[in-house]
Amino acid sequence: MNSAAIAQESVPLNDDSADLSSRLQTVENRLRALEERLSSASEPTREQRVSLVVMSGDLDRVLAAFVIATGAAAMGFQVSMFFTFWGLSALRQTRQLKGKRWLEKAFSLLTPAGVDNLKLSKLHFAGLGKMLLEKQMRDQQISSLHELVQLARDLGVRFVACQMSMDVMGIRAGELIPGVETGGVATFLADAAKSQVTLFI
Amino acid sequence: MNSAAIAQESVPLNDDSADLSSRLQTVENRLRALEERLSSASEPTREQRVSLVVMSGDLDRVLAAFVIATGAAAMGFQVSMFFTFWGLSALRQTRQLKGKRWLEKAFSLLTPAGVDNLKLSKLHFAGLGKMLLEKQMRDQQISSLHELVQLARDLGVRFVACQMSMDVMGIRAGELIPGVETGGVATFLADAAKSQVTLFI
Amino acid sequence: MNSAAIAQESVPLNDDSADLSSRLQTVENRLRALEERLSSASEPTREQRVSLVVMSGDLDRVLAAFVIATGAAAMGFQVSMFFTFWGLSALRQTRQLKGKRWLEKAFSLLTPAGVDNLKLSKLHFAGLGKMLLEKQMRDQQISSLHELVQLARDLGVRFVACQMSMDVMGIRAGELIPGVETGGVATFLADAAKSQVTLFI
């Protein structure tokens, strides 16, 4: 309004025109800045992420976790697996008793050490159900849990062991397979908050 | 700057004015394009989605899955249910043994066929807990699992049976209720990545 | 085009300039509006949310739920916990039998009342596993479930008890700890649809 009013006064022509041109130049610059900003915004660079809590130590559920994790990683998702409580059994490669207090020893002996020792949540039948499942998987040429864990590592899946659970169950870092980080609930939530898919298994 | 400098030179007036007007016209067009783009962006047309993995075959958990699925569908969410391992029992309508290998027969006989045969995860008491639950549900006029499955189908909930689990457990497509697709982990992840709510049940 | 064409006609100079200035003024106003709008959009005020379904009544899983809930609340997330079926046991503070029908009494007696009475999903051993776990948690100075529930309430975590489950299990509002809302699946989904992290525990 103000500018328009001024323009209608009999100001010298060239000054007037120069003023308009300069304002227009400013407008053009601001517009270009906006366009550039929107152009980057319209191609969301938001990463695709899957974050899993693996609390179960049941063979079938751990298997499901790794099928989802490796499938997602193969599709290009960034995948984080957060192992807690019984789920830690899937990350153990040895059972260490030396240097543990009696309570820690008890937990150690009562929980499975490693993927080979996990049990089915149903139909266990003293190991028969598990044998049937594993035979069927081989017959159908489906990757074993061992192979899936290795595949997950090769695909860059992030393995985090819950430090609090390790403390409670008396599990030492040295008992876990290599390449496992330790972390707390904040580690999980930081990844989960950026994820499209979050599951508690 | 450059234009402004030119404008200050003693170019013929009308040309100068025409040049400004033409630049302004371009600016107006670009601005309108930006405004239109922002106006569509500010009304997100992103669909509302819920994706569920149903791995459990326990009556109570399958019931929870269908309560969530039908509730979400009734609220206007697109809902996908991905049935895997024991969860497939909820989709079976018959038990077929003919033409199966012995291992497949064993799995077939050891897993429940259909929603009527699912058991509670707790308080089963040889079926007594289940009877109590179902009586209570009838008394409280809560839909049975049978009715919820039918309602989910009527509301357009997508049912996907995990092909890998079917192979492992020797379940044939003909044993499932009609209208069930088969798919892999990629089928689940494609839906889940677009979902606000993802649950593993 | 049209304006530019008009501008090239031999219209009086001042009018022409005034017209350009007025158009430019409009453009400047629209541009400012766009810039302001984008500036607020680029600082997403979208709240950070975590929504949990707690269906399990197992001590270990309820513990995991409260570790995640309190951790998230401490990090600034809005947290909602939706308790259903066996999960309601964690919210009970008393067991009330008077005025209940026999079926409701049966459920009441068969399900644990309160966090002190929850059992481990594994290694229960008639309470021994639980004793070991709780001793280990004290030794490691990890908050007990009692403390975590209190902490969650202090941090403003929203507790919702599933009304349908209460009806089925014959649980009265008076049996629950104070500060618990009742709601349905729609209550959960409304919070969950706004959440970055959704888990079924």
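Protein chains in written order, with my numbering: chain A, 1 to 201; chain B, 1001 to 1201; chain C, 2001 to 2201. Glycine residues also receive a C-beta, built at the ideal position from the N, C-alpha and C atoms.
For Ser-121 (chain A), no alpha helix (DSSP H) segment is defined, and its DSSP state is neither H nor E.
One finds Ala-2064 in chain C with Cβ atoms closer than 8 angstroms to the Cβ of Thr-84 (chain A), taken in chain order. Note that the stretch 55–70 of chain A does not touch the stretch 20–35 of chain A; fewer than 3 beta-carbon pairs, one per stretch, sit closer than 8 angstroms. When the alpha-carbon of Val-2050 (chain C) is set against those of C:Ile-2068, C:Ala-2033, C:Arg-2061, the nearest one is in C:Ile-2068. Look at the stretch 20–41 of chain A: the residues with a C-beta under 9 angstroms from a C-beta of chain C are Leu-20, Arg-23, Leu-24, Thr-26, Val-27, Arg-30, Leu-31, Ala-33, Leu-34, Arg-37, Leu-38, Ala-41.
Burial check for Arg-32 (chain A): the Cβ neighbour count within 10 Å stays below 16, so the residue is exposed.
Around the CB of Asp-16 (chain A), 16 or more other CB atoms lie within 10 Å, so the residue is classed as buried. Counting only residues of its own chain and dropping the five nearest sequence neighbours on each side, Gly-1076 (chain B) has a CB closer than 7 angstroms to the CB of Gln-1048. A residue is called buried once 16 or more other Cβ atoms fall within 10 Å of its Cβ, and Asp-60 (chain A) is buried on that count.
Against chain B, the CB of Ile-68 (chain A) has a partner CB under 7 angstroms away; the residue lies at that interface. The beta carbon of Met-1166 (chain B) does not come within 7 angstroms of any beta carbon belonging to chain A, so the residue lies off that interface.
In this structure the stretch 156–168 of chain A does not touch the stretch 1186–1199 of chain B; the number of beta carbon pairs closer than 8 angstroms is below three. If you draw a straight line from the Cα of Ser-2143 (chain C) to the Cα of Lys-2135 (chain C), it is about 11 angstroms long. Residue-level contact by beta carbon holds for Ala-192 (chain A) and chain C, with a gap shorter than 7 angstroms. Shown in chain order are the members of the stretch 2094–2108 of chain C whose Cβ falls below 9 angstroms from a Cβ of chain B: Arg-2101, Leu-2103, Glu-2104, Ala-2106, Phe-2107. Looking at C:His-2146, C:Pro-2112, C:Val-2062, C:Ser-2080, the one whose alpha-carbon comes closest to that of Glu-2181 (chain C) is C:Ser-2080.
Pairing Gly-1170 (chain B) with Leu-88 (chain A), the inter-Cα distance amounts to about 30 angstroms. In the three-state reduction of the DSSP assignment, Thr-26 (chain A) falls in the helix class, which pools H, G and I. Taking 7 angstroms as the cut-off, the Cβ atoms of Ser-165 (chain A) and Thr-84 (chain A) count as close. The residue among A:Glu-36, A:Ala-65, A:Leu-34, A:Arg-37 with its C-alpha nearest the C-alpha of Ile-1201 (chain B) is A:Ala-65. Contact of Met-1081 (chain B) with chain A is not assigned, every C-beta pair being separated by 7 angstroms or more. For chain A, none of the residues of the stretch 2143–2157 of chain C brings a beta carbon within less than 8 angstroms of one of its beta carbons. The straight-line gap separating the alpha-carbon atoms of Leu-2148 (chain C) and Ala-2173 (chain C) is approximately 22 angstroms. Proximity of Met-2131 (chain C) to chain B, defined by a Cβ-Cβ separation below 7 angstroms, is not satisfied.
DSSP, reduced to helix, strand and coil, places Leu-1052 (chain B) within a strand of the structure shown.
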